[in-house]
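Notes follow the structure.
There are 2 protein chains.
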Amino acid sequence: MPTIRDVSKLAGVSVATVSRVLNRSGYVHEETERKVLKAIKELNYTPNFVARSLTNKKTGTIGLMVPDITNPFFPELARAVEDVMQQYGYTTILGNSDENPQKEKQYIQLLKQKYIDGVILASTALTAEEVHTFKVPVVVLDRVVLSDNIPMVTSKNREGAREATRFLLEQGCRKIAHLRGPVQLRIADERCHGYLDVVEKLEWFHPGLIVASNYDMRQAMQATLELLKKHPDIDGIFAGNDIIAIGAMRAVQMLGISIPEEMAIIGYDGITMGEIVYPELTTMAQPIYEMGALAARMLIKMIEKQPLDTLYYELDVQLIERGTTRKG
Amino acid sequence: MPTIRDVSKLAGVSVATVSRVLNRSGYVHEETERKVLKAIKELNYTPNFVARSLTNKKTGTIGLMVPDITNPFFPELARAVEDVMQQYGYTTILGNSDENPQKEKQYIQLLKQKYIDGVILASTALTAEEVHTFKVPVVVLDRVVLSDNIPMVTSKNREGAREATRFLLEQGCRKIAHLRGPVQLRIADERCHGYLDVVEKLEWFHPGLIVASNYDMRQAMQATLELLKKHPDIDGIFAGNDIIAIGAMRAVQMLGISIPEEMAIIGYDGITMGEIVYPELTTMAQPIYEMGALAARMLIKMIEKQPLDTLYYELDVQLIERGTTRKG
DNA sequence: ATAGTGTGTGTAACCGATTACATAAAATAG
DNA sequence: CTATTTTATGTAATCGGTTACACACACTAT
Numbered sequence: 001m002p003t004i005r006d007v008s009k010l011a012g013v014s015v016a017t018v019s020r021v022l023n024r025s026g027y028v029h030e031e032t033e034r035k036v037l038k039a040i041k042e043l044n045y046t047p048n049f050v051a052r053s054l055t056n057k058k059t060g061t062i063g064l065m066v067p068d069i070t071n072p073f074f075p076e077l078a079r080a081v082e083d084v085m086q087q088y089g090y091t092t093i094l095g096n097s098d099e100n101p102q103k104e105k106q107y108i109q110l111l112k113q114k115y116i117d118g119v120i121l122a123s124t125a126l127t128a129e130e131v132h133t134f135k136v137p138v139v140v141l142d143r144v145v146l147s148d149n150i151p152m153v154t155s156k157n158r159e160g161a162r163e164a165t166r167f168l169l170e171q172g173c174r175k176i177a178h179l180r181g182p183v184q185l186r187i188a189d190e191r192c193h194g195y196l197d198v199v200e201k202l203e204w205f206h207p208g209l210i211v212a213s214n215y216d217m218r219q220a221m222q223a224t225l226e227l228l229k230k231h232p233d234i235d236g237i238f239a240g241n242d243i244i245a246i247g248a249m250r251a252v253q254m255l256g257i258s259i260p261e262e263m264a265i266i267g268y269d270g271i272t273m274g275e276i277v278y279p280e281l282t283t284m285a286q287p288i289y290e291m292g293a294l295a296a297r298m299l300i301k302m303i304e305k306q307p308l309d310t311l312y313y314e315l316d317v318q319l320i321e322r323g324t325t326r327k328g
Numbered sequence: 001m002p003t004i005r006d007v008s009k010l011a012g013v014s015v016a017t018v019s020r021v022l023n024r025s026g027y028v029h030e031e032t033e034r035k036v037l038k039a040i041k042e043l044n045y046t047p048n049f050v051a052r053s054l055t056n057k058k059t060g061t062i063g064l065m066v067p068d069i070t071n072p073f074f075p076e077l078a079r080a081v082e083d084v085m086q087q088y089g090y091t092t093i094l095g096n097s098d099e100n101p102q103k104e105k106q107y108i109q110l111l112k113q114k115y116i117d118g119v120i121l122a123s124t125a126l127t128a129e130e131v132h133t134f135k136v137p138v139v140v141l142d143r144v145v146l147s148d149n150i151p152m153v154t155s156k157n158r159e160g161a162r163e164a165t166r167f168l169l170e171q172g173c174r175k176i177a178h179l180r181g182p183v184q185l186r187i188a189d190e191r192c193h194g195y196l197d198v199v200e201k202l203e204w205f206h207p208g209l210i211v212a213s214n215y216d217m218r219q220a221m222q223a224t225l226e227l228l229k230k231h232p233d234i235d236g237i238f239a240g241n242d243i244i245a246i247g248a249m250r251a252v253q254m255l256g257i258s259i260p261e262e263m264a265i266i267g268y269d270g271i272t273m274g275e276i277v278y279p280e281l282t283t284m285a286q287p288i289y290e291m292g293a294l295a296a297r298m299l300i301k302m303i304e305k306q307p308l309d310t311l312y313y314e315l316d317v318q319l320i321e322r323g324t325t326r327k328g
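So the sequences go chain by chain: A and B.
Note that the UniProt record's numbering has the first sequence beginning at 1, numbered continuously upward.
Note that the UniProt record's numbering has the second sequence beginning at 1, numbered continuously upward.
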């Protein structure tokens, strides 16, 4: 691999001049530039990013932390992030945290040693203070961290949850349960609040209609079976996400209850899997790709010290009516 | 961020000694080591990987190239690779190639400039020569490159395809079609060959029973509709992968043909989505996680210049009988 | 004619590590 | 007791870039 010194020798100039040509910085005579470019081409020279990073303190690499890329929500997000990053010449390091704060912190520590330029956290059990100690640009994605100055991209979780619940009511549901996501998760709380906003005051409501589950199909299935044993008169389920919704569908179908005639189900997220099940899953779709792309663009701005016009983005969600709820 | 010089000053030794302590290389007096370790702790020093990489020519970073992380086969593979890499202290850069050789080459060029230690290609339209020009350790995963010395991990595609086809015959299928994967893909060819091995000599066989489709559900659906219009007497479908199989299921169900009574379907890969559809998809499962993990371990060995005991791994596949084929 | 500005280029320090080489003290051998 | 080996440490070059600073020359302004 040729170095900048090889180029400078061949072109008969100093390394500084070559560097100037490379970075279009400072003055370079047109003819000199031609000579340098010729030498570069001749040697098939490409600058060494590592050496560059050492002075720059920039590596053109960012970290993307997800709980588990295997969870169908995250591939699309990752794809969006990677697409944007690639477009801007950045490279994306993927990390699975399993929601383990310890693992997450270690990972970010490692990335910092590698001079990562920034991090997108689509997974966090971390507190705001912990995030601040990273001293690296961070954007939090699809999570909420209790803090006033960590940039964030989410969707209108509470509002979406309200809409979803209201939709079930409009469908004629008389008793709607909520299979919420894990208790430690803020967005699961938000969605739960949205549900409560709508049903709390209704005479049939009862806190026992809210059950927590992990974002895992089998567990959601189990939770649904138990829920329906206790409350057989439930005729609508708002699930905290699509995975849970699919688990619920399974349980409901196992019990011989027909969807959507006897039981309406609505999910949240809008992952592709919802189109694979039968009946197809009605869901409150988040603009997943858009969220990832937006977070990526924000991070790049932060890295390049451009001002952010908005610190928090709450994107709109959209109801997608499919087979697990009745028409109009 | 403190540097090695800060540490050396505080400990009252030279940077060389600190480096020796850090790397456990050369001689260091026990007491000196204690002083150094104390200084390191006191300053909360962590070595700068970029600087290290500049001399080492090792970054502890590898590239993982997939066609599209959004395709449900790849997250599990990526997870396996990342798990192993993390375990060994490596970091994984994710790249989506969209099967575009141009994009792929550019990406790898970029990664080389960043002193990547190795690459796992789970996506390649590249030729062996092109791969060789990378001059970086490469392991090819779930792909076949025409060459004798590029390490590779796949499953027994041809054999698995034979088994899958035979299984449909045993189920009593009288006319089995094959919805194969894209024509430029070697593994799709392999699976097609396996199918042919079994059915070629049978009186009902006809080349028109083989139809190519992309690994895309909608397209597979379309292809299936057309196929069944031409050959309404097909009663078994061997799909080139699970996505295609699911697309086929959709088409078949749309036509009001019952699965598995009137039509048996078997997929290939064993992705989680197969358990989500109804009926659940019978499939020839590849040990996806194991393949990813194995490829990762191979790459690490190559990077660390340990000898590989085997250059090519062809892992066993396993028939998973579920609802899209009849019992026994 | 002199000062001041803009253009063009080179020298060498620097980023933060690793390591070849030199040197010296301590331990062991003969 | 000297010769050799082992242990212990430091100095400075190196990896491959960037960039502050110095210097020289060509213009323009006074």
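Ideal Cβ placement from N, Cα and C applies to all residues, glycine included.
DSSP three-state assignment for residue i, whether helix, strand or coil
i: residue 314 of chain A; result: strand
i: residue 308 of chain B; result: coil
i: residue 53 of chain A; result: helix
i: residue 322 of chain B; result: coil
i: residue 91 of chain A; result: strand
i: residue 240 of chain A; result: coil
i: residue 5 of chain B; result: helix
i: residue 48 of chain B; result: coil
i: residue 178 of chain A; result: strand
i: residue 115 of chain A; result: coil
i: residue 263 of chain A; result: coil
i: residue 215 of chain B; result: coil
Under 8 Å between C-beta atoms of residue i and residue j
i: residue 62 of chain B; j: residue 131 of chain B; result: no
i: residue 40 of chain B; j: residue 15 of chain B; result: no
i: residue 64 of chain A; j: residue 92 of chain A; result: yes
i: residue 225 of chain A; j: residue 251 of chain A; result: yes
i: residue 149 of chain B; j: residue 315 of chain B; result: no
i: residue 179 of chain B; j: residue 211 of chain B; result: yes
i: residue 50 of chain A; j: residue 13 of chain A; result: no
i: residue 116 of chain A; j: residue 47 of chain A; result: no
i: residue 72 of chain A; j: residue 271 of chain A; result: yes
i: residue 214 of chain B; j: residue 182 of chain B; result: yes
i: residue 55 of chain B; j: residue 114 of chain B; result: no
i: residue 101 of chain A; j: residue 122 of chain A; result: no
Own chain, CB closer than 6 Å to residue i, minus 5 neighbours either side, in chain order
i: residue 282 of chain B; result: 266, 321, 322, 324, 325
i: residue 186 of chain A; result: 144
i: residue 173 of chain B; result: 235, 236, 264
i: residue 134 of chain A; result: 108
Own chain partners of residue i with C-beta closer than 8 Å, once the 5 adjacent residues on each side are dropped
i: residue 301 of chain A; result: 307, 308
i: residue 160 of chain B; result: 191, 194, 268, 284, 286, 317
Chain A contact for residue i (CB, 8 Å cutoff)
i: residue 75 of chain B; result: yes
i: residue 78 of chain B; result: yes
i: residue 91 of chain B; result: yes
i: residue 276 of chain B; result: yes
i: residue 294 of chain B; result: no
N- and C-terminal bounds of the beta strand (DSSP E) containing residue i
i: residue 127 of chain B; result: No beta strand (DSSP E) contains residue 127 of chain B, which DSSP labels as neither H nor E.
i: residue 63 of chain B; result: 61-66
i: residue 183 of chain B; result: Per DSSP, residue 183 of chain B belongs to no beta strand (DSSP E) and is neither H nor E.
i: residue 144 of chain B; result: No beta strand (DSSP E) contains residue 144 of chain B, which DSSP labels as neither H nor E.
Same chain, Cβ closer than 7 Å to residue i, neighbours up to 5 away in sequence not counted
i: residue 98 of chain B; result: 67, 68
i: residue 75 of chain A; result: 69
i: residue 81 of chain B; result: 64, 92, 120, 292, 295, 296
i: residue 10 of chain A; result: 39, 42, 43
i: residue 19 of chain A; result: 4
Within-8 Å CB hit, residue i to chain B
i: residue 273 of chain A; result: yes
i: residue 268 of chain A; result: no
i: residue 199 of chain A; result: no
i: residue 69 of chain A; result: yes
i: residue 45 of chain A; result: no
Span of the alpha helix (DSSP H), counted from its first residue to its last, around residue i
i: residue 19 of chain A; result: 15-23
i: residue 160 of chain A; result: 157-170
i: residue 140 of chain B; result: No alpha helix (DSSP H) contains residue 140 of chain B, which is instead part of the beta strand (DSSP E) from 138-141.
i: residue 273 of chain A; result: Element bounds for residue 273 of chain A: n/a, residue is neither H nor E.
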